[in-house]
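Participant:
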Amino acid sequence: MKAVKRKIKNSLAAEVSEKLIRSQNETNDSQRRMVQVAERKVTLLEEQVALLERRALAAERKATAEEQLVLLKEKKLHQQCRNEIYALRMNNLKLL
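1332 is the number of the first residue of the sequence shown in the numbering used here; add one for each residue after it.
Dropping the structure here:
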């Protein structure tokens, strides 16, 4: 009778131990998966930040190029005005 009780206790202890180990393994697997998901999220966020930085740099370069274009157009207009003024002066001198 004692031997039967001992076998039952040992069997139950082994079953509980096995379930506990399985539960710990599942917890470890779950935690590992959560870490992997978190790492993927961090990687995605880093990629998004890099993309936003590239877009900001591109926008800055575009704005600089547009400013330079405006300055060139102003310079060209200024030169055209100077040329026209010079031409008018030359015509006035011819008329005198």
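Beta carbons are placed, not taken as given, at the ideal position from N, Cα and C, and that holds for glycine.
Would you identify the three-state DSSP class for methionine 1421, choosing helix, strand or coil?
Facilitator: One-based indexing of the sequence shown puts residue 1421 at position 90. Helix, per DSSP.
Participant: Cα separation between leucine 1408 and leucine 1376?
Facilitator: Mapped onto the sequence shown, residue 1408 falls at position 77. Mapped onto the sequence shown, residue 1376 falls at position 45. Whole-angstrom Cα-Cα distance: 47 Å.
Participant: Given this structure, state the Cα-to-Cα distance separating glutamine 1355 from arginine 1363, to the nearest angstrom.
Facilitator: For this step, residue 1355 is matched to residue 24 along the sequence shown. For this step, residue 1363 is matched to residue 32 along the sequence shown. Cα to Cα, glutamine 1355 sits roughly 12 Å from arginine 1363.
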